[in-house]
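A.B. asks: For the sequence shown, the numbering used here assigns the number 152 to the initial residue and increments by one for each residue that follows.
Have a look at this one before I ask anything.
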Amino acid sequence: GKLIDVNQKTLEMFGVDDKKHVLGFDLWADPNLSSEKTQSLKNGKAIFLSAEFDFDIVKNLNLYPTSRSGLMYMDMYAIPLMEKNDISGFLVQIVEITERKKLEEDRNKNQALLQQAEEISNYGAWEWDIGKDKWTFSQNWLRIHGCQLSGIKREELMTITYPDDNQLVEKAFQDALNGDADYNLEH
152 GKLIDVNQKT LEMFGVDDKK HVLGFDLWAD PNLSSEKTQS LKNGKAIFLS AEFDFDIVKN
212 LNLYPTSRSG LMYMDMYAIP LMEKNDISGF LVQIVEITER KKLEEDRNKN QALLQQAEEI
272 SNYGAWEWDI GKDKWTFSQN WLRIHGCQLS GIKREELMTI TYPDDNQLVE KAFQDALNGD
332 ADYNLEH
């Protein structure tokens, strides 16, 4: 479990200015790696983990000098290298996903706000991929119309349209399909 080499990009990712600070580092002592994952590696099994890496823990335990602080999100793949049924080392690949994780959190927050706004206003939203005849509905749209699933087709949609609106809705669909007009109908 000792680190024997590391590339420059990994040093930069971990805020380490010289590999001499981390060579020989005992990976089994890394508090950011769970005991379950450590045991899997020791048993010769490859692992994948998507996790938070806390630089403040690294600093507090004085594991190695780093210019980074706070959290980094990463995906890590570790594969035991076998030689005559013995583990001779590990190949570890780490990809920083902090920016992606922050974007996902922002997206989830925005989706929650949109859902709350729809619930307050008693509106729902939908999107139609005409080429695939695939519909996507917001949860509030499904709730308003008493639907349980999101993969319904146009013909099924017409069965829940108020009967007096069927002709108007069908014409709006046909105009959109023919390219005569955007579908823009409130009913």
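Every residue gets a Cβ at the ideal spot worked out from N, C-alpha and C, and that includes glycine.
Within a Cβ cutoff of 6 Å, which residues of the same chain sit near Gly240, ignoring the five residues on either side of it in sequence?
C.D. replies: Counting only Cβ-Cβ distances below 6 Å, and skipping sequence neighbours, we find Leu232.
A.B. asks: Helix or strand or just coil, what does DSSP make of Glu337?
C.D. replies: Coil, per DSSP.
A.B. asks: Determine, using beta-carbon pairs with one atom in the region 219-226 and one in the region 191-205, whether at least three such pairs fall under 8 Å.
C.D. replies: A contact exists between the region 219-226 and the region 191-205.
A.B. asks: What does the Cβ neighbour count give for Asn273, buried or exposed, with the cut at 16 atoms within 10 Å?
C.D. replies: It is exposed - the Cβ of Asn273 has fewer than 16 other Cβ atoms within 10 Å.
A.B. asks: Can you look up Val246 in the DSSP assignment and give me helix, strand or coil?
C.D. replies: Strand, per DSSP.
A.B. asks: Do the region 188-197 and the region 156-173 touch if we need at least three Cβ pairs shorter than 8 Å?
C.D. replies: No: fewer than three Cβ pairs fall under 8 Å.
A.B. asks: Quick one: what does DSSP say Ser218 is sitting in, helix, strand or coil?
C.D. replies: Residue state, collapsed to three classes: coil.
A.B. asks: Quick one: give me the first and last residue of the alpha helix (DSSP H) that Leu319 is part of.
C.D. replies: Looking at the DSSP string, the run of the alpha helix (DSSP H) that includes Leu319 is 317-329.
A.B. asks: List the endpoints of the continuous alpha helix (DSSP H) containing Ser201.
C.D. replies: No alpha helix (DSSP H) holds Ser201; the beta strand (DSSP E) holding it covers 198-205.
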